[in-house]
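Engineer: Please find one structure pasted underneath; my questions will follow.
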Amino acid sequence: RYDLVLMDCEMPVLDGFSATEQLRAWEVSHQRVRTPVVALTAHILTEHKERARQAGMDGHMAKPVELSQLRELVEYWVVQRELRQSQAQPS
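Right under this line is the structure:
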């Protein structure tokens, strides 16, 4: 299980959109917890962000990526994971 996937959207054989769609289908068919997927792309237009969302991605980060942006992104998803884990545990 991965805590976060940073998905390049413009890969040559299987683009990140299709890869994410396949990952989401696999998660459902194997009853797995949804892994957060964040698009990494040079495209910043709303239509590209919408395409990423429709493919099942959870976020979008434009390249080039600043180290501080990447740190914030990872910290956000670490907190989200911890919240999910604490909510899943019985009181």
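Its first residue numbered 993, the sequence shown is counted upward by one per residue in the working numbering. Built from N, CA and C at the ideal position, the CB exists for glycine as well.
Are S1054 and I1036 touching if we call contact CB-CB under 7 Å?
Structural biologist: At residue 1054 the sequence reads Ala, which differs from the Ser that was named. Yes. Within cutoff.
Engineer: I'd like the ranges of any alpha helix (DSSP H) spanning at least 4 consecutive residues and lying wholly in the region 1023–1070.
Structural biologist: Those alpha helix (DSSP H) runs which fall completely within the region 1023–1070 and span 4+ residues are 1038–1047.
Engineer: Anyone know if the C-beta pair for M999 and V1029 falls short of 7 Å?
Structural biologist: Going by C-beta atoms, M999 is nearer than 7 Å to V1029.
Engineer: Going by C-alpha to C-alpha distance, which of C1001, E1039, V1066 sits closest to D995?
Structural biologist: V1066
Engineer: Beta carbon of T1033, beta carbon of V997: below 7 Å?
Structural biologist: no
Engineer: Using CA atoms only, rank isn't needed, just tell me which of A1031, P1082, L1015, A1047 is closest to P1056.
Structural biologist: A1031
Engineer: Bridge partners for L1075 per DSSP, in chain order?
Structural biologist: Answer by DSSP bridge pairing: none, since L1075 is not bridged.
Engineer: Is it buried or exposed, L1015, if we count other Cβ atoms within 10 angstroms and call 16 or more buried?
Structural biologist: So L1015 ends up on the buried side.
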